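Student: Chain order of the listed sequences is A and B.
Quick note, the first sequence lines up with residues 24 to 409 if you use this note's numbering.
Quick note, the second sequence lines up with residues 9 to 157 if you use this note's numbering.
Just so you know, even glycine gets a beta-carbon here, dropped at the ideal spot from N, CA and C.
Since the structure is predicted, the reported quantities are computational estimates derived from the model, not experimental observations.
Pasting in a structure now, in C-alpha cells, and then I'll have a few things to ask.
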Amino acid sequence: MVVIIGAGVTKFDEHWELSFRELILEAALKAIESSGLHGEKIEAIYGGCMASGRFIGQEHIGALIADQLGLNPIPSTRVEAACASGGVALRTAYLSIKSGAHDIVAVGGVEKMTELSTEGVSFALGGAGDQEIELFHGATFPSLYALLARAHMQDFGTTEEQMAAVAVKNHANAIFNPNAQFHRQIAIEDVMGSGYVAEPIKVLDCSPITDGAAALILCSNEKAEELGLKGVEIIASEQASDSLAITGRKSLTELKATRMAAQRAYQKTGLSPKDIDFAEVHDCFTIAEILAIEDLGFFEKGKGGIATEKGETSLKGKIPINPSGGLKGKGHPVGATGVAQAAEAYYQLMELAGERQVKKAKTCLTHNVGGSGATAIVTIYRRFKG
Amino acid sequence: MQQPLLLFIGDLRGDSMHNIAPLNWRKFPERYLLKGNYCEVCKQAFFPPRPICPNCRRKGKLIQMEMPRQGKILSYTKVHVPPEGFKNEAPYYLAVIELENKAKVLSQIVDSEQEKIKIGAKVKKVFRQIGEPDKYGTITYGYKFKVIQ
C-alpha cells in the first residue's frame with residue numbers, strides 16, 4: 024500500500040508574477056516540508072502537465088522539475104493525459120511504489136496557462152479532443168460538453184438552473200479555500216445571465232483559465248511505519264479509457280470511462296458509493312459534475328441535477344462534492360488538477376481543511392477526467408493510522 | 009529573448025491541424041465521400057473507419073463502406089465563442105448526428121431554419137468549405153449537414 028505523507032499547493036490564480044518553474048518549485052517545496060522528510064530521500068519524480076509546449080514553448084518537463092528541485096540525478100518523468108495528467112501522474116507514482124521499485128516518490132502537477140491569449144488557451148486545450156473529426160469541424164471544449172449537456176436535458180429533464188446550481192455551490196465552497204482562484208459568492212441569476220459560450224453552456228458554467236501547481240510525497244506503508252509518519256492511504260487508483268471523440272461512444276449521457284474506473288475501484292476496496300464521505304470530482308463544466316456524481320454511483324442516472332439543486336452535494340449535504348471549490352471555484356490549471364484533488368483529500372482526511380472541513384471524513388474519492396471523457400481516473404483514500 | 013518565443017507560439021497557434029495540406033489530402037475519402045467501414049461479424053458501422061473492430065478484435069472482418077448520407081440529430085449546440093479559423097461563421101450550430109446505419113458523426117448544421125434544428129430532426133449531408141483558409145491560402149472542404157423536411 025501507498026501513503027501520502029505530504030502535500031503542497033500554490034494559490035491557484037492568474038500568476039503574472041510567477042513562471043512555470045517557480046510554480047512547481049513552490050508546490051514541491053511545500054509538499055516536502057509538510058512530509059517532514061529531506062528532499063534527498065526522494066527516489067523518483069512523476070510530473071503531470073498537459074500542454075506546456077503550447078502554453079509556454081517548453082517540453083522536457085520531467086528533467087526541468089528534477090533540475091529545479093536540485094534533485095538530479097533521480098529519474099523524473101512527465102505524464103500527459105490532457106486534463107487527467109495530474110491524476111495519471113499520481114497513479115503512475117502509486118504503481119511505482121506498489122511495484123517495489125521505490126519507497127519514496129514525489130508527484131507534481133503544473134500548468135501555466137495565462138501566457139497565452141484566451142484563443143491560444145482554447146487551441147491548446149483543444150488538443151484533448153479529436154483534431155481530425157471534432158476540432159476540424161469547429162468544435163471547442165465547451166461545445167463538446169454542451170452536446171453532452173443537451174442530451175442529458177433531453178433524456179432526464181435536467182435544467183440550465185440545475186447546472187447553474189453546481190457553479191453556485193462550488194463558488195460557495197471556494198470562499199473557504201485560501202488557495203482558490205475565486206472568493207466570490209455567485210447566484211443562480213449570475214450564471215443564467217453570464218452569456219452563452221456554446222448553448223446551453225454559459226460563461227459561469229465553465230472552469231476558469233488558471234496558473235498553479237500541486238505536489239505530493241508518496242511513501243510505501245512499510246517505510247511510513249518505519250519512519251513513524253502519518254498520512255493518508257491510497258487504497259485504490261483505477262484508470263479507464265474511452266474513444267477520443269464523443270461520436271465514438273454509445274451514450275452521450277454518461278462518461279463510461281468514469282463508470283468503469285469507479286466500478287473497479289469499488290471492487291478492489293470492497294466499498295460502495297455509500298461508504299464515501301465526500302468526493303472531489305472533475306467539474307470542468309457544470310454538466311461534468313452532474314455526469315460525475317451519477318457515473319460514480321452517488322446518485323441514480325438522471326438525478327444528479329435535481330440532487331444538486333436540493334443541496335445534497337453541498338458542504339453540509341448528504342455527500343459533499345468538491346469541498347475545495349472544485350475546478351469551477353478553485354481554478355483548473357489542467358495538469359495540476361488531479362494532484363490538487365489528491366492534496367484536498369490529504370488536507371480533509373488529516374483535518375487540516377479549516378472552514379471547509381468535512382466533519383468526520385474517513386474515506387474520500389477523487390475523480391479526474393481527460394478531455395471529454397477519453398481518460399478517467401478514480402482514486403480512493405482513507406486515513407492512515409501509522 | 010521573451011519576444012521571439014511568444015511569436016513562435018503565435019505561429020503554432022495559427023497553424024492548427026486542419027490547415028495542413030497533406031492531412032487534408034489524406035482525408036479526402038472520409039471528408040468528401042463519408043467513407044467509413046463496417047464489421048461483417050458484429051454488423052457495426054464505423055465512422056471514421058477503424059483499423060481494428062473494437063468488438064471482435066482479430067475475429068472481426070472489416071470492409072470499406074460509404075456511410076449513408078442521411079441521419080438524425082442526437083444532440084446539438086449553438087457555438088457563440090468560436091475557435092481560430094471559424095470567426096466569420098459564429099454563431100453556428102454543431103450536432104452529433106446518428107446516420108441511418110447508427111454510426112455517429114459530429115458536424116456543423118447549415119442552411120437550416122433555427123427552429124427546425126432540434127433533437128430527432130432528419131438531416132442530410134452537404135458538401136461545404138470548412139473554416140477559413142489558413143495563412144498559406146489552403147482551403148479545406150468536407151461534410152456539413154442540413155435539416156430536411
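#1: Taking the beta carbon of A90 (chain A) as the centre, do at least 16 other beta carbons fall within 10 Å, making it buried, or is it exposed?
#2: What residues match up with D234 (chain A) in a beta bridge as DSSP calls it?
#3: What residues match up with T402 (chain A) in a beta bridge as DSSP calls it?
#4: From the DSSP secondary-structure annotation, give me the bridge partner or partners of G271 (chain A).
#5: With a threshold of 8 Å between beta carbons, is R21 (chain B) in contact with chain A?
#6: Could you check if K339 (chain A) is buried or exposed, using at least 16 other CB atoms within 10 Å of its CB as the buried criterion?
#7: Verify whether the separation of the beta carbon atoms of V401 (chain A) and I344 (chain A) is less than 8 Å.
#8: Beta carbons nearer than 8 Å to chain B: which residues of the stretch 100-113 of chain A have them?
#9: Assign M176 (chain A) to one of three DSSP states: helix, strand, or coil.
#10: When the cut-off is 8 Å and only beta carbons count, does I138 (chain B) lie next to chain A?
#11: State the DSSP-derived secondary structure class of A107 (chain A), mapped to helix, strand or coil.
#12: Note down, in chain order, each residue of its chain lying with its Cβ closer than 8 Å to the Cβ of F16 (chain B), except the 5 sequence neighbours on either side.
#13: Helix, strand or coil for K339 (chain A)? Go by DSSP, reduced to three states.
#14: My understanding is that G394 (chain A) touches G152 (chain A), with C-beta atoms under 8 Å, so please give their C-beta distance in whole angstroms.
#15: Look at the Cβ atom of L82 (chain B), then the Cβ atom of E106 (chain B), and state whether they are nearer than 8 Å.
#16: Quick one: residues in its chain with C-beta nearer than 6 Å to the C-beta of I403 (chain A), no 5 flanking neighbours on either side, listed in chain order?
#17: According to DSSP, simplified to helix, strand and coil, what is K53 (chain A)?
#18: Closer than 8 Å by beta-carbon distance: list the chain C residues that pair up with E45 (chain A), in chain order.
#19: DSSP on S19 (chain A), reduced to helix/strand/coil?
#20: Can you find a C-beta in chain A that's less than 8 Å from the C-beta of P91 (chain B)?
#21: In terms of residues, what are the limits of the alpha helix (DSSP H) holding N425 (chain A)?
#22: CB-CB under 6 Å to E332 (chain A), same chain, minus the five flanking residues each way: which ones, in chain order?
#23: I want to verify the contact list: residues of chain B whose CB lies under 7 Å from the CB of E157 (chain A), in sequence order.
#24: Starting from F94 (chain B), find everything on chain A with Cβ-Cβ shorter than 8 Å and list it in chain order.
#25: Within the 8 Å Cβ cut-off, does I313 (chain A) reach chain B?
#26: What in chain B is Cβ-close to S145 (chain A), meaning under 7 Å?
#27: Residues of chain A with CB closer than 9 Å to the CB of I127 (chain B), please, in chain order.
#28: Spatial neighbours of G377 (chain A) within its chain, please: C-beta separation below 7 Å, excluding the five flanking residues on both sides.
Tutor: Answer, in terms of the structure:
#1: For the purposes of this step, residue 90 (chain A) is taken as residue 67 along the first sequence, with counting starting at 1. The question names Ala, yet the displayed sequence has Asp at residue 90 (chain A). The residue in question, D90 (chain A), is exposed, as its Cβ has fewer than 16 Cβ neighbours within 10 Å.
#2: Taking the first sequence and counting its residues from 1, one reaches residue 234 (chain A) at position 211. Bridge partners of D234 (chain A): A:D36.
#3: Walking along the first sequence from the start, residue 402 (chain A) turns up at place 379. The partner list for T402 (chain A) (beta bridge, DSSP) reads A:S260 and A:T389.
#4: Taking the first sequence and counting its residues from 1, the one referred to as residue 271 (chain A) is at position 248. Note: G271 (chain A) sits in no beta bridge, so no partner.
#5: Taking the second sequence and counting its residues from 1, the one referred to as residue 21 (chain B) is at position 13. Reliability fails at R21 (chain B), whose pLDDT of 40 lies under 50, so the model's placement of it is uncertain and no value is given.
#6: Counting from one through the first sequence, the residue named residue 339 (chain A) turns up at place 316. Per the 10 Å Cβ criterion, exposed.
#7: In the first sequence, counting from the first residue as 1, residue 401 (chain A) sits at position 378. In the first sequence, counting from the first residue as 1, residue 344 (chain A) sits at position 321. For V401 (chain A) and I344 (chain A), no; Cβs fall outside 8 Å.
#8: none
#9: As a position in the first sequence, residue 176 (chain A) is number 153, starting the count at 1. The answer is helix: DSSP assigns M176 (chain A) an H, G or I state.
#10: Numbered from 1 along the second sequence, position 130 holds the residue referred to as residue 138 (chain B). Cβ-Cβ to chain A under 8 Å: yes for I138 (chain B).
#11: Indexing the first sequence from 1 puts residue 107 (chain A) at position 84. It is coil, neither helix nor strand.
#12: In the second sequence, the residue the question calls residue 16 (chain B) occupies position 8. Low confidence applies to F16 (chain B): its pLDDT is 39, below 50, so where it sits in the model is not reliable, and the reading given next is rough at best. So the list is empty, once near-sequence residues are dropped.
#13: Start at 1 with the first residue of the first sequence, and residue 339 (chain A) comes out as number 316. It is coil, neither helix nor strand.
#14: Looking up residue 394 (chain A) in the first sequence gives position 371. Looking up residue 152 (chain A) in the first sequence gives position 129. G394 (chain A) to G152 (chain A), Cβ: 6 Å. Contact.
#15: Translated into the one-based positions of the second sequence, residue 82 (chain B) becomes position 74. Translated into the one-based positions of the second sequence, residue 106 (chain B) becomes position 98. The answer is yes: Cβ separation under 8 Å.
#16: On the first sequence, position 380 is the one that residue 403 (chain A) refers to. I258, A259, A288, T292 and L388, listed in sequence order.
#17: Translated into the one-based positions of the first sequence, residue 53 (chain A) becomes position 30. Three-state DSSP puts K53 (chain A) in a helix.
#18: The structure shown contains no chain C; the protein chains it does contain are A and B.
#19: Given a span of 24 to 409 for chain A in the structure shown, any question on residue 19 (chain A) remains unanswerable.
#20: Indexing the second sequence from 1 puts residue 91 (chain B) at position 83. Interface residue, yes.
#21: As shown, chain A starts at 24 and ends at 409. That puts residue 425 (chain A) outside it, with no answer to give.
#22: Residue mapping note: residue 332 (chain A) aligns to position 309 of the first sequence, counting from 1. So the list reads Q185 and A188, once near-sequence residues are dropped.
#23: Taking the first sequence and counting its residues from 1, one reaches residue 157 (chain A) at position 134. The answer, in chain order, is L114.
#24: On the second sequence, position 86 is the one that residue 94 (chain B) refers to. Under the 8 Å cutoff, chain A gives G161.
#25: Residue mapping note: residue 313 (chain A) aligns to position 290 of the first sequence, counting from 1. Cβ-Cβ to chain B under 8 Å: no for I313 (chain A).
#26: Taking the first sequence and counting its residues from 1, the one referred to as residue 145 (chain A) is at position 122. Within chain B, the residues near S145 (chain A) are P91.
#27: Numbered from 1 along the second sequence, position 119 holds the residue referred to as residue 127 (chain B). Neighbours of I127 (chain B) on chain A, chain order: R173, A174 and Q177.
#28: Start at 1 with the first residue of the first sequence, and residue 377 (chain A) comes out as number 354. For G377 (chain A), where only same-chain residues beyond five positions count, the Cβ hits under 7 Å are F199.
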